Amino acid sequence: MNFEEQLEEGLALLHEGDYDHALDISHQLQKMDSESADGYHLEGMVFQKLNQWEKSITALDKAIEREDQKSGFYNLRGFANLQLENMDESIKDIDKAIELDDSAAAHRNKVLHMIMNDQGDEAITYLLDRIKQNPKDVENWILMGDLMQRAGQEAKAKTYYEQANKMAPENEYVQDQLAEM
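According to UniProt numbering, the sequence shown is numbered sequentially starting from 1.
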């Protein structure tokens, strides 16, 4: 099996929840091509699924050493640092991911960073601006619903979830949120 086929298999196993096997494949990929970031990226993702944040950061450091222009690497490392409450390191990586390709996932992590820093009002302003800039990004509507719900504003939360539901009727998270209201 060549490198790409093994990488595809490792990613499929990760998505199926077979983390041990996906981790084994990440190590095989690293041995096959130690200069490729892909094996380290896969390892970092596996460790995130296992909530092993320090190990994820170590693997993502190695991925970034090999390929320093991938926003996803920075965003994942930023999220791991967020989980460890390394707030300064987290926001540096999140902002780098946004700088590289305006990553929607990084914008979500930026909002989480704000919330964890008790900057709820700033998070709301940031999300409203994101919604104005890109009203078709369903994730912003969902996040806004989550923020409103956390703030105890059920009626406002419901309107954001309803808009998200119109945009992505197959989204189970949104359906669950609306069913609980």
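Ideal placement from N, C-alpha and C gives every residue a C-beta, glycine not left out. Everything numeric in this text was worked out from a predicted model, so none of it was measured.
(request) Let me know if Glu65 comes out buried or exposed under the rule of 16 or more other beta-carbons within 10 Å of its beta-carbon. (result) Classification of Glu65: exposed, given that the 10 Å Cβ count is below 16.
(message) In whole angstroms, give me the CA-to-CA distance for Ala151 and Glu122.
(response) Using only the alpha carbons, I get a separation of about 13 Å.
(message) Between the alpha carbons of Ile124 and Leu7, how many angstroms are there, rounded?
(response) Approximately 38 Å, taken between the alpha carbons.
(request) Tell me, to the nearest whole angstrom, how far the beta carbon of Phe47 is from that of Ser34; I am working on the premise that it is less than 8 Å. (result) That pair is no contact at about 19 Å.
(request) Mark Tyr173 as exposed unless 16 or more other C-beta atoms lie within 10 angstroms of its C-beta, in which case mark it buried. (result) Per the 10 Å Cβ criterion, exposed.
(request) Could you pull the start and end residues of the alpha helix (DSSP H) that Gln48 belongs to? (result) Its alpha helix (DSSP H) spans residues 38–49.
(message) Let me make sure I understand the geometry here. Which of Asp68, Leu127, Asp38, Lys49 has the alpha-carbon closest to that of Glu99?
(response) Put simply, of Asp68, Leu127, Asp38, Lys49 the residue whose alpha carbon is nearest the alpha carbon of Glu99 is Asp68.
(request) List the endpoints of the continuous alpha helix (DSSP H) containing Ala179. (result) That run of the alpha helix (DSSP H) goes 172–180.
(message) On the criterion of 16 or more Cβ atoms from any shown chain inside 10 Å, does Gly10 qualify as buried, or is it exposed?
(response) In the assembly as shown, Gly10 is a buried residue. Its beta-carbon has 16 or more other beta-carbons within 10 Å.
(request) Please go through the stretch 120–175 and give each complete beta strand (DSSP E) segment of 3 or more residues, from N-terminal end onward. (result) Taken in chain order, no unbroken stretch of beta strand (DSSP E) lies wholly in the stretch 120–175 with a span of 3 residues or more.
(message) Can you check which of these residues, Lys110, Glu4, Met45, Glu180, is closest to Asp18 by C-alpha distance?
(response) Ranking Lys110, Glu4, Met45, Glu180 by CA distance to the CA of Asp18 puts Met45 first.
(request) Within the stretch 14–95, note down every full alpha helix (DSSP H) run reaching 4 residues or more, in order along the chain. (result) Segments of the alpha helix (DSSP H) lying fully in the stretch 14–95: 19–32, 38–49, 53–66, 71–83.
(message) So Tyr40 and Ala63 are supposed to be a Cβ contact under 8 Å. How far apart are they, rounded?
(response) Their Cβ separation, rounded to whole angstroms, is 4 Å, which keeps Tyr40 and Ala63 in contact under 8 Å.
(message) As a quick exercise: from Leu76, Lys70, Leu112, pick the residue whose alpha carbon is nearest that of Thr58.
(response) If we check each option's Cα against that of Thr58, Leu76 comes out closest.
(request) Assign Asn109 to one of three DSSP states: helix, strand, or coil. (result) Asn109 falls in the helix class under three-state DSSP.
(message) By the three-class DSSP mapping on this structure, what secondary structure does Met1 have?
(response) It is coil, neither helix nor strand.
(request) Would you grab the beta carbon distance between Tyr126 and Met144 for me? Rounded to a whole angstrom, and I think it's under 8 Å. (result) 10 Å between Cβ atoms; not a contact.
(message) Can you give me the C-alpha to C-alpha distance between Gln30 and Ile94, rounded to a whole angstrom?
(response) One alpha carbon belongs to Gln30, the other to Ile94, and they sit about 26 Å apart.
(request) Assuming Leu82 and Asn109 form a contact by the criterion Cβ under 8 Å, report the distance between their Cβ atoms to the nearest whole angstrom. (result) The C-beta distance from Leu82 to Asn109 rounds to 6 Å, short enough to fall under 8 Å.
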